[in-house]
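Numbering (my numbering), first residue to last: 1155 to 1310.
We treat Cβ as the ideally placed atom computed from N, Cα and C, and that holds for glycine.
Following: one structure in structure tokens, then a few remarks.
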Amino acid sequence: MKKLTWFLLCCFAMNAYSNDEVSLTLVGYISPVCGFTTQNNNLQFSSDGLASTKLEINCNSPMRVSMQSENGGLRHQQSAQINAYNLNWSIDGISSEVSATALELKSIYNFDVNEILFNSVARLQLKLDEPLIYAGSYQDVLRIEMTPSVISGGVW
């Protein structure tokens, strides 16, 4: 009987000195943000058929870039003449480049950038396929949208 009492006392004593355990879940969240600015919103083609600008990008996640040309080329304002151009997009410090024709840009053109671009510069270069020959004004509107890839949006 003494042994049984001693055994029960030991069991209760062990439970009295046992450790409690707590699990903590640590969580953090930062909303994805992509923004960019351009040096010049109105690009003028030079006499050799070139136009270019830089976009300053600040994005805290990989992103999707969407582009769309309103006319699929430079449209002569006094006629239905469309002059084709090619677009080249590159980002400083990243080896990949994207090239597209204005006609391809008539439909929404998407591509992904898997790097995170804090304070980066993208270069946009445009080159006419052939020189402009008819007098008058030519115009196209190129819309560019950058969306964090976790949202995976696109132009409109």
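Item	Value
Inter-residue Cα distance where the pair is S1206 and L1180	47 Å
N1237 vs Y1183 beta-carbon contact at 8 Å	no
CA nearest to the CA of R1218, picked from F1190, Q1232, L1286, T1255	F1190
Helix, strand or coil at E1175 according to DSSP, with G and I counted as helix	coil
Within 8 Å, strictly: CB atoms of L1271 and I1298	no
L1209 to A1289 span [Cα, whole Å]	31 Å
Straight-line gap, Y1263 to M1221 (C-alpha atoms, nearest Å)	5 Å
Whole-angstrom distance between K1260 and V1275, CA atom to CA atom	25 Å
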